[in-house]
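**Student:** Numbering of the sequence shown is given in the working numbering, commencing with residue 13 and proceeding in unit increments.
I have a structure here, written as C-alpha cells, and I will follow up with some questions on it.
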Amino acid sequence: MGRKRQQTAALQLSLPDNGSAMWDVVIVGAGLSGLTAAWELLKSCPKLQVLVLEGKGRVGGRTQTVMLPCANGMDMWDLGGQWVGRTQHFVLDLIKDLGLEMYPQYTSGWKLSHLGGPDNNIRSYYFNIPSISVLALIDLQLFIWKIERLRKKVAIRNVKSCPQAAEFDSITVKDFMEKHLWTQEAKECVDLACRAVFGMESNVMSFLYFLMYSSASGGFMPLVEATYGSAQEFRIKGGAQQLSERLADSIGREKILLNSAVSAIHQDLDKVEVRTKSKYFLCKKVIVSCPPHLAAKIQYQPSLGTERLYLMSKTRVGHMIKFIVTYKTAFWRDMGLSGEIVNRSTIEYPVCVTYDATSSDGNPAIVGFISGEQAIIWSQAPAEERESHVISSLMKFFGFNAMFYIHYEDKDWSQEAFNGGCPVSVMAPKMLTSYYPGFRYRHESIHFAGTETADVWCGYMDGAVQSGHRSAFEVLFMLSLKDMSLLQNNSTATNNSQDEQGRTGWWRFSKWHLLGATTLTIVFLWHWWKKTFPIQDFTLKSTQREWRFFPDFVH
C-alpha cells in the first residue's frame, strides 16, 4: 500500500501545470461514484482527458478496508460500507468486472435481542423479527404491511406524484409511528431500525423520505435483514475498498489527485474552472460526486440556485461508529448463535446491532454499530472508554467469552475529513416536497453523482455505482452534441479493442445505453420536425418511461 501511494505521488508530479491544459471532464471526489464515473467515461471513450480530484489522502469515500490482528495473524475488515445483495445489480456487475469475489453473510443460529426497559430479559429468536409479545408482533407486522403499501406510491424520481406527498413530508417517522403503532415494543423495533439503517433517530427524519428510501430498495424489510435478497446478504472477499482501489488502477493513478479538495467551480460560456487551495483546472464538464452537505460548501459561479443549495446544505448526515472485535474462536457459533444482536441502546450498553464478521479466510470477528444519539454522545468519549463499553455490551449478550478478544478497532465517521458522518444524508420534514429534485439534475456544465442521487438503492454502494454510470452517460451525451468527432473517433478505437475480445459494436455500451441513446435521438428529431413542419390534425401521445441511465437531466 505504501509503495502504491509513492507511485501515485510521483505520477501526480507529471500532471500539467495550472491552466496549461483543457480537460474534458474533472470529477470531484474519488469515492465509489466518482471513480465509477471516470471508469465509465474512459471505458466508453478512451481518448477523453479525465481528472479526478479527491480531498482525502486515499480513494474509497465511505468505504475503508483495514488490516487488523486476528487469530491467524493479520486479515482485512471493513470499517465503512461492506455489504451487497443479489438485487443490487450495478455493484454486482462491477464486482464481476473487477474480478472480485463475494461470500455470504453468516446468519445460521439464534439471534439475540434486548428491547423494552432494563429489567426485561434478553430474548432469542430465529427468524427476521425480534422476539416480542404476540400483541406487539401483530402490531409490528400490520405496520410493516402499511409501510409496504405506502412506499409503492412513492416514485423516487417524482416524489410529488404521491397523492399524500405533502402530508407525509410534513411529519417525521416518529409522528407516523405514534399514530399507527400501539405497543411500545413495536415502536422500539422501528426506532432501532432507523438507527441501524440511517444512523438517525426517527424523530428527525421525514416520513416521505423514509418511504422514498424504502421504495428505492424494493421495500422496508430488505433494508434491515441479512437474508436472501436483502442489503446485508453478501460481503466482498478482501474488503469493499478494493472496488475503488481497482477502479483507480484501471483509470490510471496518474489521473487521480489526492489531498486536493475543491473549493470553487466557476463556469464560463465555453469552459469550467475548478479550483483547489493551490491549483486550478480548466475543463468542459464537471461531475460532483461528494456527499450533498460537502458539495454545498463549494463556491459555485453562477450559483446553483437557492433551492438546490438549501437542500444540499440542510441534509443531515447519519451518525455511526462502526467497530470490529477479533477473536481466537467464533465461540458464539459454538453456542448456536448467529452473532446478530439488536439492542435498546443506552449509555451503559451503547451497541445498537452486531453481526458475525468472520473473514473469508476464517478469522473470527464481530462487527457492530453505535448509532444515532448514542453515536453523537460516544463520539465525545475517549476511544478507550468506547472500547470498554462495547466489550461490556458484547459480554451482556455473549457472556464472559466476549472479554477475551484479540483486537478492537472502531471508526467514528463523524470525525472523518470530507465525510462528516455516515452512512447517508437524511432529509428533515418539508424538504422533499419543497426543494426536491435538486440533487440529481445538472446545472449547466456541472453534473451530480453520489449515492444520494441514485434512484435505486440510494444510500448504498449499489446506488453509488448507479449514479456514477448515470452521470458519466450524461456527460458523454452532452459532449457528443458539441463534438460529433468524439463519437466517430471513439467508434474506431472501440471496435479495435472489442475485436481483441471477440466482440464488435459502436461504443462499449450495454444494450440499454444504445437503446436509450436511440430513443433520445428519435425524440429530439421528432420535436424538431414537429416544430419546423407543423402537422395538422395529428396529436402525438406518449408516455414517459423511466430509464436507469436516463434521468431528466436535459433541462
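Where a beta carbon is used, it is the ideal one built from N, C-alpha and C, also for glycine.
Being a predicted model, the structure only gives us computed values, none of them experimental.
Verify the contact flag: VAL62, CB atom, against every heavy atom of the ligand COA, threshold strictly below 7 Å.
**Tutor:** As for the ligand COA, it is missing from this structure, which has no ligand bound.
**Student:** Quick one: give me the first and last residue of the beta strand (DSSP E) that CYS295 is part of.
**Tutor:** Here the beta strand (DSSP E) through CYS295 covers 292-300.
**Student:** Since VAL40 contacts CYS470 with CB under 8 Å, what's their CB separation in whole angstroms?
**Tutor:** So it is not a contact: roughly 19 Å between Cβ atoms.
**Student:** Would you check if the distance between the CB atom of MET79 and the CB atom of VAL96 is smaller than 8 Å?
**Tutor:** No, they are not a contact pair.
**Student:** At what residue ranges does the region 30-106 contain a whole run of the alpha helix (DSSP H), taking only runs of 4 or more?
**Tutor:** You should have 44-56.
**Student:** Could you check what DSSP says for ASP422 in three-state terms: helix, strand or coil?
**Tutor:** Residue state, collapsed to three classes: strand.
**Student:** How far does the alpha helix (DSSP H) with ILE388 in it reach, from first residue to last?
**Tutor:** Taken as a continuous stretch (DSSP letters only), the alpha helix (DSSP H) holding ILE388 covers 385-391.
**Student:** How is the alpha helix (DSSP H) around LEU223 delimited, first residue to last?
**Tutor:** Looking at the DSSP string, the run of the alpha helix (DSSP H) that includes LEU223 is 219-228.
**Student:** What are the start and end residues of the alpha helix (DSSP H) that includes ILE403?
**Tutor:** Note, ILE403: alpha helix (DSSP H), 395-410.
**Student:** Provide the residue(s) that pair with TYR312 in DSSP beta bridges, ordered along the chain.
**Tutor:** Answer is ILE277, bridged to TYR312.
**Student:** Which class does LEU269 belong to by DSSP, given the choice of helix, strand or coil?
**Tutor:** Of the three classes helix, strand and coil, the one that applies to LEU269 here is strand, per DSSP.
**Student:** My output table needs one value for THR370: the three-state DSSP class, helix, strand or coil.
**Tutor:** THR370: coil per DSSP, three-state reduction.
**Student:** Under three-state DSSP, which class holds SER446?
**Tutor:** In the structure shown, SER446 sits in a helix (DSSP, three-state: H, G or I).
**Student:** Thinking C-alpha only, which one of ILE277, ASP131, ILE359, SER120 is nearest TYR137?
**Tutor:** Closest option to TYR137, Cα to Cα, is SER120.
**Student:** So is ILE134 buried or exposed if we call it buried at 16+ other beta carbons inside 10 Å?
**Tutor:** It counts as exposed.
**Student:** MET86 to ASP261, Cα distance in whole Å?
**Tutor:** Taking the straight line from one Cα to the other gives about 24 Å.
**Student:** How is TRP344 classed by DSSP in three states: helix, strand or coil?
**Tutor:** Helix.
**Student:** Taking the C-alpha atoms as reference points, what is the distance between GLU486 and VAL62?
**Tutor:** One C-alpha to the other measures close to 15 Å.
**Student:** By the 10 Å Cβ neighbour count, where 16 or more other Cβ atoms means buried, how is SER218 classified, buried or exposed?
**Tutor:** Under this definition SER218 is a buried residue.
**Student:** Leaving out the 5 sequence neighbours to the left and right, which residues in its chain are closer than 8 Å to LYS283 when beta-carbon positions are compared?
**Tutor:** Cβ within range, chain order: MET34, LEU294, CYS295, LYS296.
**Student:** Any idea what DSSP makes of PHE416, helix, strand or coil?
**Tutor:** It is coil, neither helix nor strand.
**Student:** Three-state secondary structure (DSSP) at TRP122?
**Tutor:** Strand, per DSSP.
**Student:** If I measure Cβ to Cβ from VAL216 and keep anything under 7 Å in the same chain, skipping five residues before and after, which residues do I get?
**Tutor:** Excluding residues within five positions, the ones whose Cβ falls inside 7 Å are THR184, ARG328, ALA440.
**Student:** Can you tell which of GLY374, LYS291, GLN153 has its C-alpha closest to the C-alpha of GLY250?
**Tutor:** Nearest of GLY374, LYS291, GLN153 to GLY250, Cα basis: GLY374.
**Student:** With a CB to CB cut of under 6 Å and the five nearest residues on each side skipped, what residues in its chain are close to PRO362?
**Tutor:** These residues qualify, in order along the chain: ILE382, GLN386, TRP390, HIS401.
**Student:** Indicate whether VAL71 and LEU53 have their beta-carbon atoms separated by less than 8 Å.
**Tutor:** No.
**Student:** VAL438 to ALA49, Cα distance in whole Å?
**Tutor:** For VAL438 and ALA49, the distance between alpha carbons rounds to 24 Å.
**Student:** Do the region 190-207 and the region 165-172 make contact, defined as three or more Cβ pairs closer than 8 Å?
**Tutor:** No, the region 190-207 is not in contact with the region 165-172.
**Student:** Going by the DSSP bridge assignment, what does ASN170 pair with across the sheet?
**Tutor:** Its beta-bridge partners are ALA167.
**Student:** With DSSP run on the structure shown, which of helix, strand or coil describes GLU428?
**Tutor:** Here GLU428 sits in coil by DSSP.
**Student:** Which residues mark the beginning and the end of the alpha helix (DSSP H) in which LEU323 is found?
**Tutor:** Per DSSP, LEU323 belongs to the alpha helix (DSSP H) from 318-326.
**Student:** Under DSSP, the beta strand (DSSP E) around ARG135 begins and ends at which residues?
**Tutor:** Its beta strand (DSSP E) spans residues 135-137.
**Student:** Measure the beta-carbon distance from ALA414 to LEU406 and round it to whole angstroms, keeping in mind my assumption that it falls under 8 Å.
**Tutor:** Yes, ALA414 and LEU406 are in contact; Cβ-Cβ is about 4 Å, under 8 Å.
**Student:** Are CYS82 and ALA369 closer than 8 Å when you measure CB to CB?
**Tutor:** The answer is no: Cβ separation not under 8 Å.
**Student:** Taking 8 Å as the cut-off, decide whether the C-beta atoms of GLY241 and GLU160 are in contact.
**Tutor:** No, these two residues do not count as a Cβ contact at 8 Å.
**Student:** Have a look at the DSSP bridge pairing and note the partners of ARG247.
**Tutor:** The partner list for ARG247 (beta bridge, DSSP) reads TRP95, TYR115.
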